[in-house]
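S.K.: This is the structure, below, for whatever I ask next.
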Amino acid sequence: MDGIFLQQLVNGLTLGSVYGLIAIGYTMVYGIIGMINFAHGEVYMISAYLAAISLALLAYFGIESFPLLMLGTLLFTIVVTGVYGFTIERIAYRPLRNSARLAPLISAIGISLILQNYAQISQGARQQGVPTLLEGAVRLDVGSGFVQLTYTKIFILVAAFAGMALLTYVIKYTKLGRMCRATQQDRKMASILGINTDRVISYVFVIGAVMAALAGVLITLNYGTFDFYAGFIIGIKAFTAAVLGGIGSLPGAMLGGIILGVSESLFSGLINTDYKDVFSFSLLVLILIFRPQGLLGRPLVAKV
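If you count the sequence shown from 1, you need to add 42 to reach my numbering.
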């Protein structure tokens, strides 16, 4: 039982770290403009296709080294996915910035459907896949059982937490991060002080897309398969993670992703895999009943 528990814990940390990466995109956009980018799951889906295309192109030109494959794939996927994030903000959000709050939400749902159908038409409706690129595993004996850490899972954990650490540094210690925090606190005052808030909002969409691109590459490596509908399910899970941790809080998005991934994995391995989603959303409901702002979110204070 100890081996099974620890194995599921490792699996949950791997999955949860990726949930956290995608949840960051939701929470950053919400923190800046107070809206949910419901096309964000499809941005992740596009990044999975881009990762597969990049791997195929690099293999075609004879590149077989794993570090070079990953470097080229990450650079290509991050850059192109960042362009998608920038374009979504310019098309679906900026023209509607001063309209009714419901209009950008509907626009984002429309972009989500467009990206789904675009991927289906251009890449086909069948599942796509990539081969395992990193063979091997580390096996640790635990009591009467064992825990197996594949090199792919180790790479995913390291890459995910490195991405989170880099983003945290950017937000806390760079000029761009200070502009993002100022725009989040008071967009009008930030504009008065000389910050181009429209540009900052575009940067935030690009940053969210970059984190989704990193998640897309990592999940593609881990599972090896994806399709045009992959963004919907994992997008809902990542949104749940963002709400669970406290929408608008970067540490909350990371924490919510880890909690959701670990709870899903433990429930699947120890109880029943058929109802893991029911358990995850039930956990969310319970937490929101007793702490509506999420685990690390700030409580709303009514203005007098």
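Just so it is clear, CB atoms sit at the ideal spot from N, CA and C, and this is done for glycine as well.
Nothing here was measured: the structure is a model prediction, and the numbers come from that model.
If I follow the unbroken alpha helix (DSSP H) through THR194, where does it start and stop?
M.R.: As a position in the sequence shown, residue 194 is number 152, starting the count at 1. Element bounds for THR194: 193-215.
S.K.: Using 10 angstroms around the beta-carbon of THR123, count the other beta-carbons present and answer buried if the total reaches 16, otherwise exposed.
M.R.: Along the sequence shown, read from residue 1 onward, the residue named residue 123 stands at position 81. Per the 10 Å Cβ criterion, buried.
S.K.: Between ILE88 and TYR126, is the Cβ-Cβ spacing less than 9 Å?
M.R.: Walking along the sequence shown from the start, residue 88 turns up at place 46. Walking along the sequence shown from the start, residue 126 turns up at place 84. Result yes, Cβ atoms of ILE88 and TYR126 sit closer than 9 Å.
S.K.: On the three-pair Cβ rule with 8 Å, is the stretch 256-271 touching the stretch 76-94?
M.R.: With the cut-off at 8 Å, the stretch 256-271 and the stretch 76-94 touch.
S.K.: Let me check understanding here. Comparing Cα to Cα, which of THR174, LEU175, PRO173, THR192 lies closest to ALA181?
M.R.: Taking the sequence shown and counting its residues from 1, one reaches residue 181 at position 139. It should be pointed out that residue 181 corresponds to Arg in this sequence rather than to Ala. Out of THR174, LEU175, PRO173, THR192, THR192 has the C-alpha closest to the C-alpha of ARG181.
S.K.: The alpha helix (DSSP H) with ARG229 in it runs from where to where?
M.R.: On the sequence shown, position 187 is the one that residue 229 refers to. From DSSP, the alpha helix (DSSP H) with ARG229 extends over 229-234.
S.K.: Determine which residues share a DSSP beta bridge with ILE168 and list them.
M.R.: For this step, residue 168 is matched to residue 126 along the sequence shown. According to the sequence as given, residue 168 is Arg; it is not Ile. Per DSSP, none; premise fails for ARG168.
S.K.: State the start and end residues of the unbroken beta strand (DSSP E) segment that holds ALA251.
M.R.: Residue 251 sits at position 209 when you count from the first residue of the sequence shown. That residue, ALA251, is in no beta strand (DSSP E); its alpha helix (DSSP H) goes 239-265.
S.K.: In the DSSP assignment, what are the bridge partners of LEU182?
M.R.: The sequence position of residue 182 within the sequence shown is 140, counting from 1. DSSP output for LEU182 lists VAL189 as bridge partner(s).
S.K.: Applying the criterion that 16 or more other CB atoms from any shown protein chain within 10 Å of the CB defines a buried residue, is LEU55 buried or exposed?
M.R.: For the purposes of this step, residue 55 is taken as the residue at position 13 of the sequence shown. By the neighbour-count rule (16 or more Cβ atoms within 10 Å), LEU55 is buried.
S.K.: Have a look at PHE108 and GLY299 and give me their C-alpha separation to the nearest angstrom.
M.R.: Here residue 108 refers to the residue found at position 66 of the sequence shown. Here residue 299 refers to the residue found at position 257 of the sequence shown. PHE108 and GLY299: Cα-Cα distance of roughly 27 Å.
S.K.: Taking the alpha helix (DSSP H) that TYR91 belongs to, which residues open and close that run?
M.R.: As a first step, residue 91 is located in the sequence shown; it is residue number 49 there, counting from the start. Residues 82-102.
S.K.: Given a threshold of 16 other Cβ atoms within 10 Å of its Cβ, counted over all protein chains shown, does LYS230 qualify as buried or as exposed?
M.R.: Within the sequence shown, numbered from 1, the residue matching residue 230 stands at position 188. The residue in question, LYS230, is exposed, as its Cβ has fewer than 16 Cβ neighbours within 10 Å.
S.K.: Would DSSP call PHE270 helix, strand or coil?
M.R.: What you label residue 270 is simply residue 228 of the sequence shown in a count that begins at 1. DSSP places PHE270 in coil when its eight states are reduced to three.
S.K.: Under 9 Å, do THR69 and GLY294 count as touching if we go by C-beta distance?
M.R.: As a working mapping, residue 69 is identified with position 27 in the sequence shown. As a working mapping, residue 294 is identified with position 252 in the sequence shown. Contact: yes.
S.K.: In this structure, does DSSP put GLN347 in helix, strand or coil?
M.R.: Because the chain here runs from 43 to 346, residue 347 falls outside it and cannot be looked at.
S.K.: Whole-angstrom Cβ separation of LEU292 and THR210, contact assumed at under 8 Å?
M.R.: Taking the first residue of the sequence shown as position 1, residue 292 is located at position 250. Taking the first residue of the sequence shown as position 1, residue 210 is located at position 168. About 7 Å separates the two Cβ atoms, so the contact holds.
S.K.: Taking the straight line between their C-alpha atoms, what separation do you get for LEU350 and ASN140?
M.R.: Within the shown structure, residues of the chain are numbered from 43 to 346, placing residue 350 beyond reach of any answer.
S.K.: Under 9 Å between the Cβ atoms of ASN264 and ILE198?
M.R.: Taking the first residue of the sequence shown as position 1, residue 264 is located at position 222. Taking the first residue of the sequence shown as position 1, residue 198 is located at position 156. Yes, they are a contact pair.
S.K.: At what residues does the alpha helix (DSSP H) containing GLU306 begin and finish?
M.R.: Your numbering for residue 306 matches position 264 in the sequence shown. Where GLU306 is concerned, the enclosing alpha helix (DSSP H) stretches over 292-312.
S.K.: Quick one: measure Cβ to Cβ for TYR86 and GLY258, integer angstroms, because I've assumed they're closer than 8 Å.
M.R.: Locating residue 86 in the sequence shown gives position 44, counting from the first residue. Locating residue 258 in the sequence shown gives position 216, counting from the first residue. Contact flag correct, Cβ pair sits at about 5 Å.
S.K.: Shortest alpha-carbon distance to ILE95 belongs to which of VAL172, GLU306, TYR61?
M.R.: Position 53 of the sequence shown holds residue 95. Nearest C-alpha to ILE95: VAL172.
S.K.: Is DSSP giving PRO109 helix, strand or coil here?
M.R.: One-based indexing of the sequence shown puts residue 109 at position 67. In the structure shown, PRO109 sits in a helix (DSSP, three-state: H, G or I).
S.K.: Looking only at C-alpha atoms, which of TYR215, GLY83, GLN165 sits nearest to ILE151?
M.R.: For the purposes of this step, residue 151 is taken as the residue at position 109 of the sequence shown. The residue with the shortest Cα to Cα distance from ILE151 is GLY83.
S.K.: If you reduce the DSSP assignment to three classes, tell me which class GLY219 lands in.
M.R.: Against the sequence shown, residue 219 aligns to sequence position 177. Correct three-state label for GLY219: helix.
S.K.: Do VAL13 and LEU48 have their C-beta atoms within less than 9 Å of each other?
M.R.: Look at the range of the chain in this structure, 43 to 346, and you will see that residue 13 is not part of it.
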